[in-house]
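If you're matching positions, the sequence shown starts at 1 in my numbering and goes up one per residue.
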Amino acid sequence: MGTVKNIKIDVNPRRVHVKFGGETIADSKRVLTLHERGHLPVYYFPLEDVRTDLLVPTEHSTYCPLKGEASYWTIQVNGRISENAVWGYPNAIAPSEAIQGYVSFYWDKVDGWYEEEEEIFVHARDPYKRVDALQSSRHIRVQIDGVIVAESRRPVIVFETGVPVRYYLPQEDVRMDLLTQTELQTGCPYKGKASYWKANINGQFHDNIVWSYLNPIPEIPKIKGLLSFYNERVEIYIDGEREGEVSWYRSALDFFNESEVKPAHV
């Protein structure tokens, strides 16, 4: 086994652009994707591909032992301001020297992110993540506090790198009379926007325990309108056997070691 690797930097082959205040403030075909153990991937843009005329340097700074001291900029566009929305490492240290001369943007401090001409959501996409939605005939039973709330032999099972296996069930196989839709919505860069339901089991509410992608992105149409339960919060039985403890990973580096992820050539 190789030594633990905490940083990996890849050249991203996609054109990535960022919008704020009606302007494209970054647009590059030379973006780097930085993977850091325990963190989601981050896009870094070469300064030559950033509208630096719209950035104002600030006195804010932070320090990372893997990257060095970060400088920050505020975006000012058409009367709108986003404070300390941009950062970079002017004197990046090992093992992150490749991002020197690059900057990144806080995802939620700009108006929109795009790969090629398609909008992307929540965070940078991880090229080491795979999402497969497979039709199955497995017998899936979901229980909450001993009450069967769903049972199906026609699930769509979603296998997503780093995420617990999820079981998406037709509404006809779910006790919808026990569920009430809530106002919560979340986004996933690989599936789209999710809506949520709470379950009422014998007068006990389990908030936002079920979700569905009513209009998933085109890459994953099989889960449209199906419902899935948080494995961590319910009892799931697969072909009669209870599912074991599930695991989460945020970065590819959480489950790859140095011998499995080759150094980037950047």
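In this text, a Cβ means the ideal position worked out from N, Cα and C, and glycines have one as well.
DSSP beta-bridge partners of residue i
i    : result
A124 : Looking at the DSSP assignment, A124 forms no beta bridge with any residue, so it has no partner.
H139 : None; H139 has no bridge partner.
I7   : E36
L54  : Note: L54 sits in no beta bridge, so no partner.
Y106 : Note: Y106 sits in no beta bridge, so no partner.
W248 : Per DSSP, none; premise fails for W248.
Euclidean distance between Cα positions of residue i and residue j
i    : j    : result
R233 : P90  : 45 Å
T186 : W211 : 9 Å
I238 : Q100 : 49 Å
L134 : L32  : 32 Å
K19  : G192 : 19 Å
D132 : H39  : 22 Å
K8   : D254 : 12 Å
M1   : S82  : Residue placement at M1 is poorly supported in this model, since its pLDDT is 32, which falls under 50; the coordinates still yield a value, given next. Cα-Cα distance, rounded: 44 Å.
S228 : K67  : 39 Å
L250 : P57  : Note that residue 250 is Arg in the sequence shown here, rather than Leu. Spanning the two alpha carbons is a distance of roughly 31 Å.
E258 : Y128 : Its pLDDT being 46, under 50, E258 is placed unreliably by the model, and nothing is read from it.
R37  : N202 : 42 Å
E160 : L226 : 17 Å
V165 : D145 : 21 Å
H206 : G112 : 33 Å
G88  : L55  : 12 Å
Y72  : A85  : 7 Å
H17  : D108 : 14 Å
P155 : F121 : 26 Å
D268 : S104 : Look at the range of the chain in this structure, 1 to 266, and you will see that residue 268 is not part of it.
L47  : Y102 : 5 Å
E118 : Y190 : 12 Å
I209 : A194 : 12 Å
is_contact[residue i, chain C] using C-beta, thresh 8 Å
i    : result
D254 : The structure shown contains no chain C, having only a single protein chain.
Buried or exposed (CB count within 10 angstroms, at least 16 for buried), residue i
i    : result
H60  : exposed
A94  : exposed
D177 : exposed
Y63  : exposed
P65  : exposed
K29  : exposed
V110 : buried
V246 : exposed
L169 : buried
S53  : Looking at the sequence shown, residue 53 is not Ser but Asp. Label assigned to D53: exposed.
P200 : Residue 200 is actually Asn in this sequence, not Pro. By the 10 Å Cβ count, N200 comes out exposed.
- Are the region 132-143 and the region 43-53 in contact at 8 Å, needing three or more beta carbon pairs? As far as the Cβ criterion goes, the region 132-143 does not touch the region 43-53, which means the pair count is below three.
- Query: What are the complete alpha helix (DSSP H) segments, minimum 4 residues, inside the region 46-91?
  - Reply: Restricting attention to alpha helix (DSSP H) runs no shorter than 4 residues, the region 46-91 encloses none.
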